[in-house]
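Each remark here refers to the structure printed beneath this line.
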Amino acid sequence: MPYSLDLRVKVISFLESGHGITETARIFGINRATIYRWLDRPKGTSIYALRELIVIQNK
């Protein structure tokens, strides 16, 4: 079952606030490889767009 976009936004926001991948994975119950995959997706994908939105909102 795919993770919801809401959860992905929370995870990316948590990472952007300075937390590490291992800590984030443990807290959210997500495999580290999944988080790395979300972060490595190319531009134009939904998670990349969410990441950009988070950056804009935090400014």
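FYI, the numbering for the sequence shown is -11 to 47, going by my numbering. Backbone N, C-alpha and C define an ideal beta-carbon position, used for all residues, glycine too. The structure presented is a predicted model; accordingly, all values stated were derived computationally and were not measured.
Practice task
Thinking Arg29 and Ile0 are a contact (beta carbons under 8 Å), I'd like their distance in whole angstroms, please.
Solution key: Mapped onto the sequence shown, residue 29 falls at position 41. Mapped onto the sequence shown, residue 0 falls at position 12. Between Ile0 and Arg29 the Cβ distance is about 11 Å, and since that is not below 8 Å, they are no contact.
Handout entry: Selection from Thr10, Glu4, Gly17, Asn19 that minimises the alpha carbon distance to Ile53
Key = This structure leaves residue 53 out entirely; the chain is present only between -11 and 47.
Problem - Endpoints, alpha helix (DSSP H) assigned at Ile9 - result: For the purposes of this step, residue 9 is identified with residue 21 of the sequence shown, where counting begins at 1. Ile9 -> alpha helix (DSSP H) spans 9 to 16.
Exercise for the section: Inspect the beta-carbon positions of Ile9 and Tyr(-9) and report whether they are closer than 9 Å. Expected result: Looking up residue 9 in the sequence shown gives position 21. Looking up residue -9 in the sequence shown gives position 3. Against a cut-off of 9 Å, the Cβ pair of Tyr(-9) and Ile9 comes out as no contact.
Handout entry: Straight-line gap, Ala21 to Thr12 (C-alpha atoms, nearest Å)
Key = Stepping through the sequence shown from its first residue, residue 21 is reached at position 33. Stepping through the sequence shown from its first residue, residue 12 is reached at position 24. Their backbone Cα atoms lie some 12 Å apart in a straight line.
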